[in-house]
Amino acid sequence: AGLGRLIEYIPHPVTTGFTLGIGVVIALLQVDSFFGLTLEGAPANFFERIRMLIAAFPTANWGDIAIGSIALAIMIVWPRLKTPVPSHLVAVFVAAVLAYFGMQALPDFTVATIGSQFSYSLDGQILPGIPSTPPSFVWPWDWSGPKGEPLALNLETFRGLLGPAFAIAMLGAIESLLCAVVADNFLRTRHNPNAELIGQGIGNVVAPFFGGITATAAIARSAAAVRAGARSPVAAMVHALVILVAIVSLASLLAYVPMSALAALLLMTAWNMSDVKHVRNVLRIGPVSDR
Numbered sequence: 264a265g266l267g268r269l270i271e272y273i274p275h276p277v278t279t280g281f282t283l284g285i286g287v288v289i290a291l292l293q294v295d296s297f298f299g300l301t302l303e304g305a306p307a308n309f310f311e312r313i314r315m316l317i318a319a320f321p322t323a324n325w326g327d328i329a330i331g332s333i334a335l336a337i338m339i340v341w342p343r344l345k346t347p348v349p350s351h352l353v354a355v356f357v358a359a360v361l362a363y364f365g366m367q368a369l370p371d372f373t374v375a376t377i378g379s380q381f382s383y384s385l386d387g388q389i390l391p392g393i394p395s396t397p398p399s400f401v402w403p404w405d406w407s408g409p410k411g412e413p414l415a416l417n418l419e420t421f422r423g424l425l426g427p428a429f430a431i432a433m434l435g436a437i438e439s440l441l442c443a444v445v446a447d448n449f450l451r452t453r454h455n456p457n458a459e460l461i462g463q464g465i466g467n468v469v470a471p472f473f474g475g476i477t478a479t480a481a482i483a484r485s486a487a488a489v490r491a492g493a494r495s496p497v498a499a500m501v502h503a504l505v506i507l508v509a510i511v512s513l514a515s516l517l518a519y520v521p522m523s524a525l526a527a528l529l530l531m532t533a534w535n536m537s538d539v540k541h542v543r544n545v546l547r548i549g550p551v552s553d554r
């Protein structure tokens with residue numbers, strides 16, 4: 264319908280505040296993994312989470328802190344070497360190797376990993392990490408409904424899903440277009456908003472036939488990709504293929520990746536996407552309306 268052009272009417276200060284807010288939330292969500300804290304529950308409220316993090320600091324684990332700090336230091340220093348290898352990849356790899364050998368050599372050295380934090384059931388066995396199951400074709404209406412029963416294809420089901428589906432589509436469109444604006448700010452480029460929406464729409468129509476769920480562009484992931492050298496939509500395709508290969512072939516190895524290293528990666532991403540220098544300039548010399 265050509266609604267993509269409406270993104271032009273979102274003021275730049277709104278986009279700046281939006282990305283800064285997301286950066287703050289992302290950073291806050293990584294604090295417990297970076298410091299190895301043990302939280303009682305997972306509060307969604309911002310201030311409640313801060314309170315719980317402060318209360319949980321006595322449970323901090325020095326192993327997680329050490330590995331997370333090393334990963335963070337690598338991501339800060341590595342770009343200065345001007346090599347084509349992304350700092351994120353080097354940081355996660357080095358952190359995984361150090362964590363593995365550290366836990367083998369030091370009895371008191373413990374680090375939370377994907378394998379220790381997540382598990383799945385296969386043929387009655389509980390296995391660590393993530394399952395190495397490739398996407399497979401299934402008719403979307405054959406998936407289980409809310410109570411485990413197959414969805415009934417009738418007017419009542421259609422009417423019940425129409426409102427939520429429309430809301431998700433609109434939210435996804437706005438999120439993706441804001442993400443494109445943020446990427447434009449990073450790269451000094453200009454995206455085609457209608458092409459973005461058409462591509463996202465096709466992807467979201469096809470994905471459910473392979474077990475996928477509704478997806479949008481993600482600002483944190485896009486910011487990380489841009490910092491790693493991404494310059495075109497081809498990067499998203501490469502990203503998808505790498506994830507597919509990783510799940511099918513490398514799932515057992517991914518179990519060794521430390522959670523604190525992933526937290527460090529996201530902390531770095533949150534800092535980069537927040538564009539603190541620009542925000543500081545707006546607050547110092549920008550017009551009152553922008554502030």
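Using this note's numbering, you'd call the opening residue of the sequence shown number 264 and step up by one each time. Glycine included, each C-beta is placed from N, C-alpha and C at the ideal position. Predicted model only: the values in this text are computed from it and were never measured.
Taking the straight line between their C-alpha atoms, what separation do you get for residue i and residue j?
| i | j | result |
| --- | --- | --- |
| Met315 | Leu529 | 20 Å |
| Asn535 | Leu441 | 16 Å |
| Gly265 | Leu292 | 36 Å |
| Gly408 | Phe472 | 15 Å |
| Ile313 | Pro306 | 9 Å |
| Ala518 | Ala432 | 34 Å |
| Phe372 | Thr279 | 41 Å |
| Ala362 | Ala514 | 18 Å |
| Val360 | Leu414 | 46 Å |
| Leu507 | Val551 | 48 Å |
| Ala493 | Pro347 | 11 Å |
| Ile330 | Ile339 | 14 Å |
| Val277 | Arg547 | 17 Å |
| Asn467 | Ile461 | 10 Å |
| Trp423 | Ala527 | Strictly speaking, residue 423 in this sequence is Gly, with Trp absent from that position. If I take the Cα positions, the gap works out to 41 Å. |
| Val489 | Val501 | 13 Å |
| Pro370 | Lys345 | 38 Å |
| Leu558 | Val469 | The question about residue 558 has no answer here: the residues shown for the chain are numbered 264 through 554. |
| Leu416 | Trp406 | 12 Å |
| Glu419 | Ser523 | 46 Å |
| Arg451 | Phe421 | 43 Å |
Between residue i and the rest of its own chain, which residues show a CB-CB distance below 6 Å, the 5 nearest in sequence each way excluded?
| i | result |
| --- | --- |
| Ala483 | Ile289, Thr532 |
| Thr479 | Gly435, Glu438, Ser439 |
| Gln463 | Ser439 |
| Phe364 | none |
Exposed or buried, which one is residue i when buried takes at least 16 other CB atoms within 10 Å?
| i | result |
| --- | --- |
| Asp295 | buried |
| His275 | exposed |
| Arg453 | exposed |
| Glu430 | Per the sequence presented here, residue 430 reads as Ala, with Glu not at that position. Ala430 should be labelled exposed. |
| Gly326 | buried |
| Val355 | buried |
| Ser386 | In the sequence under discussion, the amino acid at residue 386 is Asp, which differs from the Ser named in the question. Exposed, since its Cβ has fewer than 16 Cβ neighbours within 10 Å. |
| Ala334 | buried |
| Asp447 | exposed |
| Val539 | exposed |
| Ser495 | exposed |
| Ala368 | exposed |
Report the residue from the options whose alpha carbon sits nearest the alpha carbon of residue i.
| i | options | result |
| --- | --- | --- |
| Asn221 | Val401, Thr376, Ser350 | The requested residue 221 does not occur in the structure, where the chain is confined to residues 264 to 554. |
| Leu412 | Ala481, Trp404, Ser485 | In the sequence as presented, Leu is not what sits at residue 412; that position holds Glu. When each option's Cα is compared against that of Glu412, the closest is Trp404. |
| Phe449 | Gly267, Thr477, Ala491 | Ala491 |
| Pro321 | Phe298, Ala428, Val348, Pro427 | Phe298 |
| Ile328 | Ile548, Arg547, Pro521 | Pro521 |
| Glu459 | Ala499, Arg451, Leu352 | Ala499 |
| Gln380 | Thr420, Ile393, Pro370 | Ile393 |
| Leu525 | Val357, Ser395, Lys410 | Val357 |
| Trp402 | Tyr272, Gly475, Ile270 | Gly475 |
| Val374 | Ser332, Val469, Arg343, Lys345 | Ser332 |
| Pro398 | Leu425, Ala509, Asp538 | Ala509 |
| Gly286 | Lys410, Arg554, Ser537 | Ser537 |
| Leu516 | Val445, Leu425, Gly378, Val444 | Gly378 |
| Gly481 | Asn308, Leu425, Ala443, Leu504 | Residue identity check: residue 481 is Ala in the sequence provided, not Gly. Measuring from the Cα of Ala481, the nearest candidate turns out to be Ala443. |
| Glu557 | Pro496, Val445, Thr420 | Outside the shown range of the chain, which is 264 to 554, sits residue 557, and nothing can be said about it. |
| Ala428 | Ile317, Phe400, Thr477 | Thr477 |
Leaving aside the five residues before and after residue i along the sequence, list all residues of the same chain whose C-beta is less than 8 Å from its C-beta, in chain order.
| i | result |
| --- | --- |
| Ala319 | Asp295, Leu300, Thr301, Leu302, Glu303 |
| Arg268 | Pro456, Asn457 |
| Val542 | Thr279, Leu283 |
| Tyr383 | Ile389, Leu390, Gly392, Ile393, Pro394 |
Would you say residue i touches the ligand SAM, meaning its beta carbon is less than 6 Å from a heavy atom?
| i | result |
| --- | --- |
| Trp325 | No copy of the ligand SAM appears in this structure; indeed no ligand is present at all. |
Give me, in chain order, the residues of the same chain whose beta-carbon lies closer than 7 Å to that of residue i; leave out the 5 immediate sequence neighbours on both sides.
| i | result |
| --- | --- |
| Val353 | Ile337, Trp341 |
| Arg554 | Val545, Leu546 |
| Phe281 | Leu441 |
| Val511 | Ser395, Pro397 |
| Met366 | Phe372, Thr373, Val374 |
- Task: Taking only runs that begin and end inside the stretch 300-374, name each unbroken beta strand (DSSP E) of 3 or more residues, in chain order.
- Result: Segments of the beta strand (DSSP E) lying fully in the stretch 300-374: there are none.
- Message: Quick check on the DSSP output: what are the complete alpha helix (DSSP H) runs of length 4 or more inside the stretch 518-546, in order along the chain?
- Response: The DSSP assignment places 522-537 as complete runs of the alpha helix (DSSP H) inside the stretch 518-546, in order along the chain (cut-off: 4 residues).
- Task: Pick out the complete alpha helix (DSSP H) segments inside the stretch 361-443, 4 residues or longer, and give them in chain order.
- Result: For the stretch 361-443, whole alpha helix (DSSP H) runs of length 4 or above, ordered along the chain, are 377-380.
- Going along the chain, which unbroken runs of the alpha helix (DSSP H) with 4 or more residues stay wholly within the stretch 440-477? Uninterrupted alpha helix (DSSP H) stretches at least 4 residues long and entirely within the stretch 440-477 occur at 456-469, given in chain order.
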